[in-house]
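Chemist: Protein sequences, first through last, are from chains A and B.
With the numbering used here applied, the first sequence covers 2 to 681.
With the numbering used here applied, the second sequence covers 677 to 989.
Idealized CB from N, CA, C, for every residue including glycine.
Have a look at this one.
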Amino acid sequence: MAELLIELFSEEIPARMQPRAREDLRRLVTDGLVARGLTYGQAAAFSTPRRLALVLGDVAERSPTLIEERKGPRTDAPEAAIEGFLRATGVARADLIVRDEKKAQVYFARIERPGRPAAEIVAEVLAEVVRGFPWPKSMRWGAGTLRWVRPLHTILCILSGPAGAEIVPVVVEGIAAGDTTAGHRFMAPARFRVAGFEDYARKLAAAKVVLDHDRRAGQIAADAETMAFARGLAVVPDAALLAEVAGLVEWPVVLMGAIAPEFLDLPPEVLQTSMREHQKFFSARDASGRITHFVTVANVETEDRGAPILAGNARVLAARLSDARFFWEKDLRVAKTGMAEWAEGLGAVTFHNLLGSQADRVGRIAKLAAQIAPMVGADPAAAEHAARIAKLDLRSAMVGEFPELQGVMGRYYALAAGEPAEIADAARDHWAPRGAEDAVPTAPVSVAMALADRLDTLTGFWSIGETPTGSKDPFALRRAALGVIRIVLANGVRLGLRQIVGAGRGDDLLAFFHDRLKVHLREQGVRHDVIDAVLALPGSDDLALVVARAGALGAFLGTEDGGNLVQGFRRANNILTQAEAKDGVEYSFGPDARLAQVPEEAALFAALDAAEAAIAPAMAAEDFAAAMRAMAALRAPVDAFFEAVQINTDNAVVRRNRLNLLHRIRAVCAGVADLGRIEG
Amino acid sequence: MAADGAGTAKAPRSFQEVILRLQSYWAAQGCAILQPYDMEVGAGTFHPATTLRALGPRPWAAAFVQPSRRPTDGRYGDNPNRLQHYYQYQVIIKPSPPDMQELYLGSLAAIGLDPARHDVRFVEDDWESPTLGAWGLGWEVWCDGMEVSQFTYFQQVGGHDCAPVSGELTYGLERLAMYVLGVDHVMEMPFNDPQTPIPLRYGDIFRQTEEEYSRHNFDAADTAMLLRHFEAAEAECARLLAAPAIDARTGRHIVMVHPAYDQCIKASHLFNLLDARGVISVTERQAYIGRVRALAKACADAFLTTTAGGAAA
Chain A
2 MAELLIELFS EEIPARMQPR AREDLRRLVT DGLVARGLTY GQAAAFSTPR
52 RLALVLGDVA ERSPTLIEER KGPRTDAPEA AIEGFLRATG VARADLIVRD
102 EKKAQVYFAR IERPGRPAAE IVAEVLAEVV RGFPWPKSMR WGAGTLRWVR
152 PLHTILCILS GPAGAEIVPV VVEGIAAGDT TAGHRFMAPA RFRVAGFEDY
202 ARKLAAAKVV LDHDRRAGQI AADAETMAFA RGLAVVPDAA LLAEVAGLVE
252 WPVVLMGAIA PEFLDLPPEV LQTSMREHQK FFSARDASGR ITHFVTVANV
302 ETEDRGAPIL AGNARVLAAR LSDARFFWEK DLRVAKTGMA EWAEGLGAVT
352 FHNLLGSQAD RVGRIAKLAA QIAPMVGADP AAAEHAARIA KLDLRSAMVG
402 EFPELQGVMG RYYALAAGEP AEIADAARDH WAPRGAEDAV PTAPVSVAMA
452 LADRLDTLTG FWSIGETPTG SKDPFALRRA ALGVIRIVLA NGVRLGLRQI
502 VGAGRGDDLL AFFHDRLKVH LREQGVRHDV IDAVLALPGS DDLALVVARA
552 GALGAFLGTE DGGNLVQGFR RANNILTQAE AKDGVEYSFG PDARLAQVPE
602 EAALFAALDA AEAAIAPAMA AEDFAAAMRA MAALRAPVDA FFEAVQINTD
652 NAVVRRNRLN LLHRIRAVCA GVADLGRIEG
Chain B
677 MAADGAGTAK APRSFQEVIL RLQSYWAAQG CAILQPYDME VGAGTFHPAT
727 TLRALGPRPW AAAFVQPSRR PTDGRYGDNP NRLQHYYQYQ VIIKPSPPDM
777 QELYLGSLAA IGLDPARHDV RFVEDDWESP TLGAWGLGWE VWCDGMEVSQ
827 FTYFQQVGGH DCAPVSGELT YGLERLAMYV LGVDHVMEMP FNDPQTPIPL
877 RYGDIFRQTE EEYSRHNFDA ADTAMLLRHF EAAEAECARL LAAPAIDART
927 GRHIVMVHPA YDQCIKASHL FNLLDARGVI SVTERQAYIG RVRALAKACA
977 DAFLTTTAGG AAA
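Here's what the structure looks like:
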């Protein structure tokens, strides 16, 4: 057994591409080896900004010898066919084997594929992997033709065992594999020889390179926290930034500095965004939540403990923040005059060439928000006004610089314009939920605005036929629909979507909502068939109602009565469907209780009357539990009925009456749910 | 900035000293030191020594200062870092040498930035110029968190694959020099040696012009005229390229690539001015960029038919 170590050493690999690249290297090399019959034990991949590395443990010395027998032509086949077989298999005629088959003698070729040494296989696989590596973006350099994410300089590829290490002989477009690598670009640039993975990792560490990305990330997080704690601060967690920064350094050196006092009155979101986006700094906040310090991660240890580095970073930050303050102050001046300039400017921004400008869109949202307001307990005038205010920050300088601050800035500017808190909050909160983790708005004006915004987007794109297909959803309409669903359900909003989405294409949009609702509820553990069973009822454009019905039905189905009633219902339905198909009629004529032959049959009539009388008012009052109870009461009479009677009797009148009775079971239950949709 | 370690030059004392050191460094590396292109451009990349010479098979190595204009970046001379007129330093080498990164780091040492004392990092930044139909992969180079250069391996220019690939370096000279000189506001930066009898600071030379051009770019430039000129430049570019390759006067094969490309540069700058005046909507923007790109592509196509573009003479 040997150990295989591969390192692809290049100019700086983008941080965001490193995780995928590690995984691709591991997968492609191991798949390639296994496909050629070479087995291995363990695999681990690593990345730094300048290298991708892979180590495989317990690699077999050779691939096994394989013997294949291939059937050829009959011995009396034409000479040309036999020769063709010899050519295809590469076997000499004297080595052919003759076997008796059913009717004739047939030639067989025994092909032996000798096992190959690991180095030969590795060389073949590695060359193939390097040439075809699936970088999201790759490039050429110099006068060469090889593509890599950035210029590839050296390849280290060694197989090592108890006897020592051997270089795998592979050359890719002029780059010959060797057994050396280099340390940190500045602190230990000399090349050194490597004898195996352990030796590699140890020598790298001595040459100021932490090979393992997770260790670098862990080290950064721990050092930053320690440093912040010592000053009574806490680092604002940012996992994405941590992963990125760990991919930018080989030797992380964490430094913390103070934000100059003249910037501390900028909104914390602005500080954090500017520091993260431009400088890849973490933010540190004090006990009151105010961001006062930055944390930067250098790639080098210096004699002066990073003093010039920290000073330089602080100066760059000051320049960035003075830009941010320029935008902030410029925007505040516009805001304090009522933001009229921005309102005007929205007319010049195209939302979509078939759906008009942002100003047109705001007009539509305002109308819709006023219409929705009463349903969510908001004042229509306030909702309409919120809609006219909430998109204005699109024209602000700050949002122009940091689009992700849209909404956050809208709130600040609305407050500066003297708008009441509920309007300003709507400017920020109507964007929520932005993602699955995000909470939904709950303030009535925000809710009205958030719904109006998304419903306008959905109806707009539906009206011009721009609907999502497959994986394509360029306008994020699935997210918009899910937003509506989450807001409606979390706030218990009673809203008939049909009156908003209209008829025609609206039916299609309603079906889209139902699909998204099923996806959403499935994630919460609600069965899709339970939802299907209640969608047929009137009022299915009221999503809160649909979910309440589904909830009650789900609970009912979990009971013994529920399960048995579904069995009974299905039996009734099957018999009825078959009879209707056979007789070519619909047994929807009311059954006559006087034709009941046995007590169980009469009892079912009585039970159906009672259930029907109870179900209709319970459904009307949205007391779904009561409706379920009424339906549950049918279980015993239905079971007893099937126990006692034969539906398809010789007496045609009785038979017809019974089929009509079955139809009535279906009709009565249909007032609560379409039990026929329930699976299993 | 204190004196840096061995192997690194002493800190320069002025803006021009930074420029002069870069000039001698790259001259020593074998680059032809060219002079700025005499037209208004948005970036050094527009210099024909970069855009056109990156095309075709012929080896090329040049370095030069290029005054650059970004009308929307005007801040009336108030902003410590932003200018509507500034200087870029360009290095372009084809094919890109294998030690291009080391050469670049050497240039930082030449202006007093010792990588052992500073945090120099190559951070992903893919470069794309929609107006030039060009793109490349590379980095922005950070020194202590400050972007001091753009480092790009050109992959395509004017819609053509670059083969061989050129390595391009762009230094933002003011920003870099401010950092090296330890100056916080660009207008305070010594332009010549502060010990000379007539010391001049950056602001002594450019504060007034920044004010004037900011007013011009944002509020005064005649948009109707700019639009006319844009269309005229566009038409002239096409007309020049459409002329027969054989010159009637001399009988020689003369394709007017550079005169046509001048018109492309003009159109690009006029578009930038129109943009600064705020008269171009989001949808129109794309259309204008597309029109300039069409000119750049046509020039690139034509260049490849010339001797400099590698066509057989």
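Give the residues of chain C in contact with A:Val255, contact being defined as C-beta atoms less than 8 Å apart.
Modeler: Absent from the structure is chain C; the protein chains it does hold are A and B.
Chemist: Establish whether the CB of A:Ala320 and some CB of chain B are separated by less than 8 Å.
Modeler: Taking the first sequence and counting its residues from 1, the one referred to as residue 320 of chain A is at position 319. True, the Cβ-Cβ gap to chain B drops below 8 Å.
Chemist: Can you name, in chain order, every residue of its own chain whose Cβ lies under 6 Å from the Cβ of A:Val639, other than the five neighbours on each side?
Modeler: Residue 639 of chain A sits at position 638 when you count from the first residue of the first sequence. Once the five neighbours on either side are set aside, the close Cβ partners of A:Val639 are Gly569.
Chemist: Report all residues from its chain with a CB closer than 8 Å to the CB of B:Leu902; omit the five preceding and five following residues, and keep chain order.
Modeler: Here residue 902 of chain B refers to the residue found at position 226 of the second sequence. Contacts found: Leu946, Leu949, Leu950, Arg953.
Chemist: Tell me the rounded alpha-carbon separation between A:Ala573 and A:Ala374.
Modeler: One-based indexing of the first sequence puts residue 573 of chain A at position 572. One-based indexing of the first sequence puts residue 374 of chain A at position 373. Those two C-alpha atoms are separated by around 46 Å.
Chemist: With a threshold of 6 Å on Cβ separation, who are the neighbours of A:Ile679 within its own chain once the five nearest residues in sequence on each side are excluded?
Modeler: Residue 679 of chain A sits at position 678 when you count from the first residue of the first sequence. Correct list, in chain order: Asp530, Ala534, Val567.
Chemist: Cβ closer than 7 Å: which chain A residues qualify as neighbours of B:Glu716?
Modeler: In the second sequence, counting from the first residue as 1, residue 716 of chain B sits at position 40. By Cβ distance, chain A contributes nothing, its closest Cβ being about 25 Å from B:Glu716, past 7 Å.
Chemist: Which ranges does the alpha helix (DSSP H) cover as unbroken runs of at least 4 residues, wholly within the region 531-574 of chain A, from first to last along the chain?
Modeler: Runs found: 544-558.
Chemist: When burial is assigned at 16 or more other CB atoms within 10 Å of the CB, is A:Asn314 buried or exposed?
Modeler: Here the question's residue 314 of chain A lines up with position 313 in the first sequence. Buried: at least 16 other Cβ atoms inside 10 Å.
Chemist: Using three-state DSSP, classify A:Pro118 as helix, strand or coil.
Modeler: What you label residue 118 of chain A is simply residue 117 of the first sequence in a count that begins at 1. Three-state result, A:Pro118: strand.
Chemist: Got a sec? Which residues, its chain only, sit under 6 Å from B:Met677 by beta carbon, not counting five neighbours each side?
Modeler: Along the second sequence, one-based indexing puts residue 677 of chain B at 1. Below a pLDDT of 50, predicted positions are generally treated as unreliable, and B:Met677, at 38, falls in that range; no measurement from the model is reported.
Chemist: Determine the chain A residues that contact B:Asp749 at a beta-carbon separation under 8 Å, and present them in chain order.
Modeler: Indexing the second sequence from 1 puts residue 749 of chain B at position 73. By Cβ distance, chain A contributes nothing, its closest Cβ being about 11 Å from B:Asp749, past 8 Å.
Chemist: Among residues of its own chain, excluding the 5 on either side of A:Asp180, which ones have a beta-carbon nearer than 7 Å to its beta-carbon?
Modeler: The count along the first sequence starts at 1 and reaches residue 180 of chain A at position 179. So the qualifying residues of the chain are Leu157, Ile159, Ala166, Ile168, Arg194, Val195.
Chemist: Locate the alpha helix (DSSP H) running through A:Ile83, then write down its first and last residues.
Modeler: Along the first sequence, read from residue 1 onward, the residue named residue 83 of chain A stands at position 82. Here the alpha helix (DSSP H) through A:Ile83 covers 80-90.
Chemist: Give a yes or no on whether 8 Å exceeds the smallest Cβ distance from B:Asn632 to chain A.
Modeler: Because chain B spans 677 through 989 in this model, residue 632 of chain B falls outside it and cannot be assessed.
Chemist: Alpha helix (DSSP H) containing A:Thr181: first to last residue?
Modeler: Sequence index remark: in the first sequence, residue 181 of chain A carries index 180 (1-based). Not the alpha helix (DSSP H): A:Thr181 falls in the beta strand (DSSP E), residues 181-183.
Chemist: Count Cβ pairs between the region 755-762 of chain B and the region 724-734 of chain B that sit closer than 8 Å; are there 3 or more?
Modeler: Short answer: they don't touch.
Chemist: Taking only beta-carbon atoms, is B:Cys819 less than 8 Å away from chain A?
Modeler: If you number the second sequence from 1, residue 819 of chain B lands on position 143. Judged by the 8 Å Cβ criterion, B:Cys819 is in contact with chain A.
Chemist: Please check the pair A:Leu662 and A:Ala580, which I expect to be a contact at CB under 8 Å, by giving their CB distance rounded to whole angstroms.
Modeler: For the purposes of this step, residue 662 of chain A is taken as the residue at position 661 of the first sequence. For the purposes of this step, residue 580 of chain A is taken as the residue at position 579 of the first sequence. Rounded, the Cβ-Cβ distance is 12 Å, inconsistent with contact.
Chemist: Would you list the residues sitting across from A:Pro262 in a DSSP beta bridge?
Modeler: As a first step, residue 262 of chain A is located in the first sequence; it is residue number 261 there, counting from the start. Beta-bridge pairing links A:Pro262 to no other residue.
Chemist: What does a CB cutoff of less than 7 Å around B:Ala897 pick up in its chain, not counting 5 residues either side in sequence?
Modeler: For the purposes of this step, residue 897 of chain B is taken as the residue at position 221 of the second sequence. The answer, listed in chain order, is Leu949, Arg953.
Chemist: Which whole-angstrom value describes the C-beta separation of B:Leu779 and B:Pro773, a residue pair presumed to lie in contact below a C-beta threshold of 8 Å?
Modeler: Mapped onto the second sequence, residue 779 of chain B falls at position 103. Mapped onto the second sequence, residue 773 of chain B falls at position 97. Yes, they are in contact, since the Cβ atoms of B:Leu779 and B:Pro773 sit about 7 Å apart, within 8 Å.
Chemist: Does the beta carbon of B:Ala730 sit closer than 8 Å to a beta carbon anywhere in chain A?
Modeler: Numbered from 1 along the second sequence, position 54 holds the residue referred to as residue 730 of chain B. Not closer than 8 Å to any Cβ of chain A, the Cβ of B:Ala730 fails to qualify, so no.
Chemist: Short of 6 Å in beta carbon distance, which residues of its chain neighbour A:Leu57, apart from the five on each side in sequence? Order them along the chain.
Modeler: Your numbering for residue 57 of chain A matches position 56 in the first sequence. Excluding positions up to five away in sequence, the list reads Leu5, Tyr41, Ala44.
Chemist: What is the DSSP secondary structure of B:Gln777, counted as helix, strand or coil?
Modeler: Stepping through the second sequence from its first residue, residue 777 of chain B is reached at position 101. DSSP places B:Gln777 in helix when its eight states are reduced to three.
Chemist: So what's B:Tyr765 in DSSP terms, helix, strand or just coil?
Modeler: Start at 1 with the first residue of the second sequence, and residue 765 of chain B comes out as number 89. Residue state, collapsed to three classes: strand.
Chemist: I'd like the span of the alpha helix (DSSP H) that includes A:Lys204, first residue to last.
Modeler: Position 203 of the first sequence, counted from the start, is the residue given in the question as residue 204 of chain A. Residues 198-207.
Chemist: Determine the direct distance from the alpha carbon of A:Asp394 to that of A:Gly346, and round the result to whole angstroms.
Modeler: As a working mapping, residue 346 of chain A is identified with position 345 in the first sequence. As a working mapping, residue 394 of chain A is identified with position 393 in the first sequence. Approximately 11 Å, taken between the alpha carbons.
Chemist: What are the uninterrupted segments assigned as beta strand (DSSP E) that are 3 or more residues long and contained completely in the region 6-52 of chain A, given in chain order?
Modeler: The qualifying runs are 44-49.
Chemist: By DSSP, does B:Ala976 sit in helix, in strand, or in coil?
Modeler: Here the question's residue 976 of chain B lines up with position 300 in the second sequence. In this structure, B:Ala976 counts as helix in the three-state DSSP scheme.
Chemist: Between A:Ile465 and chain B, is there a C-beta pair that is closer than 8 Å?
Modeler: Taking the first sequence and counting its residues from 1, the one referred to as residue 465 of chain A is at position 464. Not closer than 8 Å to any Cβ of chain B, the Cβ of A:Ile465 fails to qualify, so no.
Chemist: Does B:Asp795 come out as helix, strand or coil in the three-state DSSP assignment?
Modeler: Within the second sequence, numbered from 1, the residue matching residue 795 of chain B stands at position 119. Looking at B:Asp795 - three-state DSSP - the assignment turns out to be coil, as it is neither helix nor strand.
Chemist: So, for B:Asp801: in the same chain, excluding its five sequence neighbours on each side, which residues have a beta-carbon less than 8 Å away from its beta-carbon?
Modeler: Position 125 of the second sequence holds residue 801 of chain B. Here the set comprises Gly814, Trp815, Glu816, Gln826.
Chemist: Would you say A:Gly313 lies against chain B (beta-carbon separation less than 8 Å)?
Modeler: Translated into the one-based positions of the first sequence, residue 313 of chain A becomes position 312. For A:Gly313, the answer is yes, since a Cβ of chain B falls inside 8 Å of its Cβ.
Chemist: Which residues in chain A have a C-beta closer than 7 Å to the C-beta of B:Gln777? List them in chain order.
Modeler: As a first step, residue 777 of chain B must be located in the second sequence, where it is residue number 101. The answer, in chain order, is Glu12.
Chemist: What residues from chain B crowd round A:Val317, counting only those whose CB sits closer than 8 Å?
Modeler: For the purposes of this step, residue 317 of chain A is taken as the residue at position 316 of the first sequence. Neighbours of A:Val317 on chain B, chain order: Asp820, Gly821, Met822.
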